[in-house]
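**Student:** Chains as they are written, first to last, in this note's numbering: chain A, 2 to 358; chain B, 2 to 358.
Structure below; questions to follow.
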DNA sequence: GTTAGCACTCTTGCCCTCTGAGTGCTAAAC
DNA sequence: GTTTAGCACTCAGAGGGCAAGAGTGCTAAC
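Printed below as a string of structure tokens:
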């Protein structure tokens, strides 16, 4: 049974009709809508063969056909047309990104929101260090004898800080020395490399007796921890409930629960540099996504940071369109992060974040 | 028609039965379960009067009764027993709070999660400054000629920072002077008070010509902005879908959408110091909450920060239990924030946050 | 004032039928 | 050999009717 050109056209028409209507597609509809000029009986024969090949499925005998996961796969790989964004769409994306480009947090969260709105599916945005982050520079701000603010600048152009209080008063000179020793010994180092030996060496060379070195070291370790550095945002989760495939409350609940779990989105794969990846049904690793579709794009944020933005929906998804959106926004975000535009006032673009109480 | 003791008992029994079962309550059930020792016919008469008084409602003629919003109100004000938490419950709450008490972010987010888990309703946690925040101390870390990290410590014991890059190289002494001038002129000041005059005065006294003062000022303004300082967390939103009143996908969608909107939770009222507030149905301001119930508790976080933690659910809620949870956790969070425990390593408890790209 | 009794109401579930969409197969037409 | 008209068949879904059950309100007796 060969996969003739005609079969491809029929499969394509079925996928596209089903994506739009969410209803099983019958032979008559295809015969009428497509420009194949074949009777429904012929289409019917072809559809039977496509079903035998595993590309279509039949909810029940007297219903039309629905694409199988494998059918979607073939559609995505071989049949779908590239979707071109309208001017308005690109404008909307750019507007969302431009406004707050100076903070990665907001960049990610706004990107997720705009994608979710444009596609009507839940969207997520993740940024994670490409390699383990390292400390670039250390500073201790002496506030008063009992209070010091530790500041660490990381190689992903992030600054972390922590207020530390000491019941025993500290000398200002001692605090300066602390910073100097940390700068000398701990820059260029990852969290894993912060060994007990290094720390106790620092303790010796500063003559610390009140735990200041230990406190600083613990701050550094937590600042470098992957959980601290990575950012994940989920937007438009409730959109799920507007989809016919999630009218089933329990099904919706299961997926929403999964998406809301912190760790879920951390596990998403990336798509390789500048690529768009499409995962259909069982191609997803997570059990909860086995009957969903995921489209994601990854991009380089510079400064040792890697971004991933994606969309989660039913397998019946307009993959071409979603992929086009994601590909476009990924490119734009890379641009934005690379400092394509310098915000007013000379602040460093996309290079800051707030560290607070 | 007076509101006799007997009527009160019947109303109480009806509310409690309905809260548990989510099904309209019939006279027979009350006659059997309550220890009033009355026949169902008598109960029936009383129920008819309670309905006439507006405390009960009838979904249709041959169904049982359901408490009206007003009925819940009376129940909450006058009838319900105080719920006592079990040892296990308090232990679970304490466990959730103790682990990460050193970061307000996580304290709030964990508190929301544990409350949502215990009650099976969506929960939210907000922290906002009681009064406009002010800058307590300023610092500029000189990284290299083109890069400075601005650090501002606020009076809510928050530290914000921003990396700034300058195309024109800066002298280290100039950067020191910048910090000194800012410390002299801008401490104790709110965002609103940062006037153009103050800024241009600072420009003059530092002899700044490359926009450094303006950049710093803009950083200070954004660090002091209420949006930047306030924190809101929503946990367990998908729990909504497990409730019988939200089997209706559209209803669930509407409420979820509302809760997920950023601004929704910012508008929640607080409950006065250490109080618990219960808002039933139309008592809520937001249209989307008019057929929901909200229970919230507020507490002082110290350092000019005010916390609110709350739960959103159907009007059919175990108000006594939820109020008890919230009251308990609010007290514990206040304790935790006040530095009830000093974490290992002498770090200042609940006084830090990360500021990052 | 309370309660037993009863007629009445209305929802819910169930079964049945009918309809229509869609199929697969066969045989004829091209 | 391929295409198509025709037809019998299948099955989900909508609609109607029916019985059961829960609950009510009212009346009359206690």
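Ideal Cβ placement from N, Cα and C applies to all residues, glycine included.
Please read these numbers as outputs of a predicted model, since none were measured by experiment.
Taking its Cβ as the centre, do 16 or more other Cβ atoms sit within 10 Å of residue 88 of chain A, making it buried, or is it exposed?
**Tutor:** Residue 88 of chain A comes out exposed.
**Student:** Is DSSP giving residue 307 of chain A helix, strand or coil here?
**Tutor:** It is a strand residue.
**Student:** Sort out for me which residues DSSP pairs residue 11 of chain A with in a bridge.
**Tutor:** In the DSSP output, where bridge partners are listed per residue, residue 11 of chain A has none listed.
**Student:** I'd like to know whether the C-beta of residue 16 of chain B is nearer than 9 Å to at least one C-beta of chain A.
**Tutor:** Chain A, which has no Cβ nearer than 9 Å to the Cβ of residue 16 of chain B, makes this no.
**Student:** Closest to residue 221 of chain B by CA distance: which of B:310, B:282, B:164 is it?
**Tutor:** Selected option, being the one with the closest Cα: B:164.
**Student:** Output the boundary residues of the alpha helix (DSSP H) element that contains residue 227 of chain A.
**Tutor:** From DSSP, the alpha helix (DSSP H) with residue 227 of chain A extends over 227–230.
**Student:** Using the beta-carbon of each residue, which ones in chain B are nearer than 7 Å to residue 239 of chain A?
**Tutor:** Correct list: 254, 257, 258, 261.
**Student:** How would you write the range of the beta strand (DSSP E) that residue 162 of chain A sits in, first residue to last?
**Tutor:** Per DSSP, residue 162 of chain A belongs to the beta strand (DSSP E) from 160–166.
**Student:** Along chain A, which residues have their Cβ under 9 Å away from the Cβ of residue 248 of chain B?
**Tutor:** Correct list: 250.
**Student:** Under DSSP, the beta strand (DSSP E) around residue 182 of chain B begins and ends at which residues?
**Tutor:** Counting along the chain, residue 182 of chain B falls outside any beta strand (DSSP E), though it belongs to the alpha helix (DSSP H) covering 173–187.
**Student:** Does DSSP put residue 148 of chain A in a helix, a strand or coil?
**Tutor:** Reduced to three states, the DSSP call for residue 148 of chain A is strand.
**Student:** For the beta strand (DSSP E) containing residue 169 of chain A, list its first residue and its last residue.
**Tutor:** Unbroken run through residue 169 of chain A: none, as it is neither H nor E.
**Student:** Could you list the residues in the segment 149–171 of chain B with a C-beta less than 8 Å from some C-beta on chain A, going in chain order?
**Tutor:** Listed in sequence order: 150, 152, 154, 155, 157, 158, 159, 160, 161, 162, 163, 164, 165, 166, 167, 168.
**Student:** Is residue 144 of chain A close to chain B? Criterion is C-beta to C-beta, closer than 9 Å.
**Tutor:** Yes, its Cβ sits closer than 9 Å to a Cβ of chain B.
**Student:** Please report the distance separating the alpha-carbon of residue 167 of chain B from that of residue 91 of chain B.
**Tutor:** Whole-angstrom Cα-Cα distance: 53 Å.
**Student:** Compute the Euclidean distance between the alpha carbons of residue 303 of chain B and residue 294 of chain B, then round it to the nearest angstrom.
**Tutor:** Looking at the two C-alpha atoms, the distance is approximately 29 Å.
**Student:** Return no unless some Cβ of chain B is closer than 9 Å to the Cβ of residue 80 of chain A.
**Tutor:** No, residue 80 of chain A lies away from the interface with chain B (no Cβ there is under 9 Å from its Cβ).
**Student:** For a test of the three-state rule: what should DSSP assign to residue 338 of chain A, helix, strand or coil?
**Tutor:** Helix at residue 338 of chain A.
**Student:** How is the beta strand (DSSP E) around residue 280 of chain B delimited, first residue to last?
**Tutor:** Residues 277–281.
**Student:** So, with DSSP's three-state summary, where would you put residue 53 of chain A?
**Tutor:** Helix.
**Student:** Using the rule of at least 16 other Cβ atoms within 10 Å of the residue's Cβ for burial, across every protein chain shown, is residue 60 of chain A buried or exposed?
**Tutor:** That one is exposed.
**Student:** For residue 112 of chain B, report the span of its beta strand (DSSP E) as first-last.
**Tutor:** Note, residue 112 of chain B: premise wrong, no beta strand (DSSP E); alpha helix (DSSP H) at 105–120.
**Student:** Could you check whether the segment 264–274 of chain A touches the segment 35–55 of chain A, counting it as contact only if at least three pairs of C-beta atoms, one from each stretch, sit closer than 8 Å?
**Tutor:** Touching, no.
**Student:** Using 10 angstroms around the beta-carbon of residue 237 of chain B, count the other beta-carbons present and answer buried if the total reaches 16, otherwise exposed.
**Tutor:** So residue 237 of chain B ends up on the buried side.
**Student:** Rounded to a whole number of angstroms, what is the C-alpha to C-alpha distance between residue 3 of chain B and residue 77 of chain B?
**Tutor:** Near 19 Å, if we compare the C-alpha coordinates of residue 77 of chain B and residue 3 of chain B.
**Student:** Inspect the beta-carbon positions of residue 119 of chain A and residue 232 of chain A and report whether they are closer than 9 Å.
**Tutor:** No; because the gap between Cβ atoms is not below 9 Å, this pair is not in contact.
**Student:** Which partner residues of residue 69 of chain A appear in the DSSP bridge assignment?
**Tutor:** Answer by DSSP bridge pairing: none, since residue 69 of chain A is not bridged.
**Student:** Within the 9 Å Cβ cut-off, does residue 140 of chain A reach chain B?
**Tutor:** Yes - at least one Cβ of chain B is within 9 Å of the one on residue 140 of chain A.
**Student:** Looking only at its own chain, which residues have a Cβ that is under 8 Å from the Cβ of residue 130 of chain A, when we skip the five neighbours before and after it?
**Tutor:** 157, 227, 230, 231, 305, 306, 307, listed in sequence order.
**Student:** Terminal residues of the continuous alpha helix (DSSP H) containing residue 259 of chain B?
**Tutor:** Unbroken alpha helix (DSSP H) run through residue 259 of chain B: 250–261.
**Student:** Tell me whether residue 323 of chain A sits in a helix, a strand or coil according to DSSP, three-state version.
**Tutor:** Residue 323 of chain A: helix per DSSP, three-state reduction.
**Student:** What three-state label does DSSP hand residue 16 of chain A in the structure shown?
**Tutor:** Correct three-state label for residue 16 of chain A: helix.
**Student:** Since residue 119 of chain B meets chain A, which of its residues come closer than 8 Å, beta carbon to beta carbon?
**Tutor:** Result: empty, since nearest Cβ-Cβ is about 17 Å, beyond 8 Å.
**Student:** For the putative contact between residue 13 of chain A and residue 56 of chain A, defined by C-beta atoms under 8 Å, what is the C-beta separation to the nearest angstrom?
**Tutor:** Their Cβ separation, rounded to whole angstroms, is 11 Å, which puts residue 13 of chain A and residue 56 of chain A out of contact at 8 Å.
**Student:** Could you name the residues of chain B that residue 12 of chain A contacts, counting a contact when the two beta carbons are closer than 8 Å?
**Tutor:** Ordered by position in chain B, no residue passes the 8 Å Cβ test against residue 12 of chain A, which lies about 31 Å from the chain.
**Student:** Under 8 Å by Cβ, that's how I've got residue 1 of chain A and residue 126 of chain A pegged, so tell me the actual separation to the nearest angstrom.
**Tutor:** Missing from the structure shown is residue 1 of chain A; chain A here goes from 2 to 358 and no further.
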